[in-house]
Amino acid sequence: MASTAAVEVIVVLLAGDAAIGNDRWAPARFVPRPLSHSTNLPRTVPTQDQVLVPETLLKKRKSQEQARAVAREEAEKKKAANKEKRAAIFKRAESYVKEYRDAEREKIRLGRVARKEGNFYVAEEPKLVFVIRIKGINKISPQPRKILQLLRLLQINNGTFVKLTKATQEMLTIINPYIAYGYPNLKSIRELIYKRGYGKVNKQRVALSDNQIIEENLGKYGIVCMEDLIHEIYTVGPNFKQANNFLWPFKLSNPTGGFHKRKFKHFIEGGDYGNREENINALIRQMN
């Protein structure tokens, strides 16, 4: 019986080989076994809830979240404060425009009344001059040199605002051959401060790029923005000294087309130095 079974197995194998034929030497194909989805096997990758976080990292995250919350709250408060501040600045600017316009109309009205009555209207004496240094450091005697230092005119083409008093008029007379000065109008003052305005902050020259700079240094005098600063200078207000000292001396360019050939002759003689009254505004525009 055993031999009969062995013969049957051999016959079956030979029959299988015959059926396969030439493909018996073909490479075998790998058929992957499906993965077992048994829930009894342990997980090799832990979930996020199963990961233990160090306590120091948790404290750091908590402190960062608190810092972000505080920063957001401060930013919102600052934004609201800036909005209120901008509204107040706009109102101030509007009041200044109205003040300038009313003053100009009043001047025109007084002139008309004077002409109607056959008189002449004489405007009040100017209280402000803008002084520009037009001569260098050579061949200057000690007294004019000291006055130029007091007026902060240390370099050629430097310019400053000066309040007209008896003392300053005498000083301007002494340094007359070294400067050009006159009475600036509102437009000239505004263009100078907006274009070439720098402030003195901790003895450093800082550009007036933000009202925050003005408020931090002149806020205690009620000057919180550029228009406040312009108004204080133009009207020679009670805090003119502090506002003017805050402004760094203006560094102007050479005038368009240059100075006159007879630069060191008086302005009324065809030169450039001395008092040119309202004509200083044309020179400011050429040098600004």
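Numbering (mature numbering (1 follows the signal peptide of the UniProt record, and there is no 0)), first residue to last: -21 to -1, 1 to 267.
Beta carbons are placed, not taken as given, at the ideal position from N, Cα and C, and that holds for glycine.
Values in this document were obtained by computation on a predicted structure and should not be read as measured data.
Local conformation of residue i per DSSP, three classes
{"i": "Gln183", "result": "strand"}
{"i": "Gly198", "result": "helix"}
{"i": "Tyr252", "result": "strand"}
{"i": "Asn61", "result": "helix"}
{"i": "His245", "result": "strand"}
{"i": "Gly90", "result": "helix"}
{"i": "Lys39", "result": "helix"}
{"i": "Phe99", "result": "coil"}
{"i": "Lys142", "result": "strand"}
{"i": "Asn190", "result": "helix"}
{"i": "Asn137", "result": "strand"}
{"i": "Val(-10)", "result": "Because Val(-10) sits at a pLDDT of 44, beneath the cut-off of 50, its placement in the model cannot be relied upon, and the point is left open."}
{"i": "Leu31", "result": "coil"}
{"i": "Ser74", "result": "helix"}
{"i": "Ser232", "result": "coil"}
Nonlocal neighbours in the same chain, by C-beta distance under 7 angstroms from residue i, ignoring five residues either side
{"i": "Tyr200", "result": "Asn218, Gln221"}
{"i": "Glu194", "result": "Val203"}
{"i": "Asn155", "result": "Tyr252, Gly253"}
Paired residues, beta bridge with residue i - DSSP
{"i": "Tyr160", "result": "Val110, Asn254"}
{"i": "Val203", "result": "Answer is none; Val203 lacks a bridge partner."}
{"i": "Gly178", "result": "Val185, Leu226"}
Where residue i falls, given that 16 or more other Cβ within 10 Å makes a residue buried
{"i": "Gly138", "result": "buried"}
{"i": "Thr(-18)", "result": "Unreliable placement is indicated for Thr(-18), whose pLDDT of 48 sits below 50; no coordinate value is reported for it."}
{"i": "Phe109", "result": "buried"}
{"i": "Pro234", "result": "buried"}
{"i": "Ala159", "result": "buried"}
{"i": "Lys114", "result": "buried"}
{"i": "Pro163", "result": "buried"}
{"i": "Asn258", "result": "exposed"}
Contacting residues, own chain, Cβ-Cβ under 6 angstroms from residue i (five flanking each side not counted)
{"i": "Leu231", "result": "Asn136, Gly138, Met266"}
{"i": "Leu187", "result": "Gly176, Gly178"}
{"i": "Asn190", "result": "Cys204"}
Practice task
For the segment 222 to 233 and the segment 168 to 181, state whether three or more C-beta atom pairs, one from each stretch, are separated by less than 8 angstroms.
Solution key: Segments in contact, yes.
Practice task
Inspect the CB distances between the segment 191 to 211 and the segment 147 to 154 and report whether three or more fall short of 8 angstroms.
Solution key: No: the two stretches stay apart, fewer than three of their Cβ pairs being nearer than 8 angstroms.
Practice task
Spell out a yes or no on whether the segment 204 to 218 and the segment 99 to 117 are touching, meaning 3 or more CB-CB pairs, one atom from each, closer than 8 angstroms.
Solution key: Yes, the segment 204 to 218 is in contact with the segment 99 to 117.
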